[in-house]
Amino acid sequence: MHITIQTNVSPYTNEDLDTAIHLAETFLNRGHKVSIFLFADSVLAANKLVKPMRIDRNIPMKLQELASKGVEVHICGLCAEYRGLTEEMKIEGSRFSGVPEMAALIFESDRYINLMP
66 MHITIQTNVS PYTNEDLDTA IHLAETFLNR GHKVSIFLFA DSVLAANKLV
116 KPMRIDRNIP MKLQELASKG VEVHICGLCA EYRGLTEEMK IEGSRFSGVP
166 EMAALIFESD RYINLMP
């Protein structure tokens, strides 16, 4: 089964990214194909230059670990450009995509989860 998870909010404001990461890990462990689409402010979660305090979680590192395990991490390119996220700043294993790719993921996935505020 192919499951796509879309997030929309800033990574450290709400816990939507944490939920997406936990869901992706669970689905992966059960043998499913997983895609994550970072949209709007959630594209900031793909910034590898983020340096969280020791007591906080490192969301970019967690996303990069998921990508290394086969999770497709899509970043809305227009959203990233608007927020100053460049190719050099994004985590390894992720790729810039757009709304057409998001539409294709929705169409091709067996399940689509949109974590909206």
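Numbering (the working numbering), first residue to last: 66 to 182. Quick reminder that beta carbons are idealized off the backbone N, C-alpha and C, glycines included.
Exercise for the section: Please state if the CB of residue 76 and the CB of residue 124 are separated by a distance shorter than 8 Å. Expected result: The Cβ-Cβ distance between residue 124 and residue 76 falls below 8 Å.
Problem - Residue environment, residue 110, which counts as buried when at least 16 other CB atoms sit within 10 Å - result: It counts as buried.
Problem - Span of the alpha helix (DSSP H) around residue 84 - result: If you look at residue 84, you'll find it in the alpha helix (DSSP H) that goes 81–94.
Practice task
If I'm right that residue 103 touches residue 140 with Cβ under 8 Å, what's the distance once you round it to whole angstroms?
Solution key: Contact flag correct, Cβ pair sits at about 5 Å.
Exercise for the section: Could you tell me whether the stretch 150–159 touches the stretch 75–92, using the rule of 3 or more Cβ pairs below 8 Å? Expected result: Result no; under three Cβ-Cβ pairs closer than 8 Å.
Problem - Meets three-Cβ-pair contact criterion under 8 Å: the stretch 126–133 and the stretch 84–97 - result: Verdict: yes, contact present.
Practice task
Let me know if residue 73 comes out buried or exposed under the rule of 16 or more other beta-carbons within 10 Å of its beta-carbon.
Solution key: By the neighbour-count criterion, in which a residue is buried when 16 or more other Cβ atoms sit within 10 angstroms of its Cβ, residue 73 is buried.
Problem - Residue from 135, 161, 132 and 155 whose Cα sits closest to the Cα of residue 142 - result: Answer by Cα proximity: 161.
Practice task
Leaving aside the five residues before and after residue 84 along the sequence, list all residues of the same chain whose C-beta is less than 7 Å from its C-beta, in chain order.
Solution key: Result list for residue 84: 180, in chain order.
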